[in-house]
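Residue numbers (this note's numbering): 17 to 79.
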């Protein structure tokens, strides 16, 4: 038995796939932004001078 999808079903499947990838991308981006914001807040408590804080970079490895 061959599984053949009509044009509408192909479009629907591809749309859900693209929307799912977009949702995953946005979720990962939001998590990274939240982590960066938390690091900035913690650095603000330790280093009160913004000019010094801007020169310090924190590199994270996202695996």
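Every residue gets a Cβ at the ideal spot worked out from N, C-alpha and C, and that includes glycine. Small disclaimer: the values here were computed from a predicted structure and weren't measured.
As assigned by DSSP and simplified to three states, the class of residue i
i: residue 22; result: coil
i: residue 44; result: helix
i: residue 63; result: coil
i: residue 35; result: helix
Range of the contiguous alpha helix (DSSP H) that encloses residue i
i: residue 69; result: 66-71
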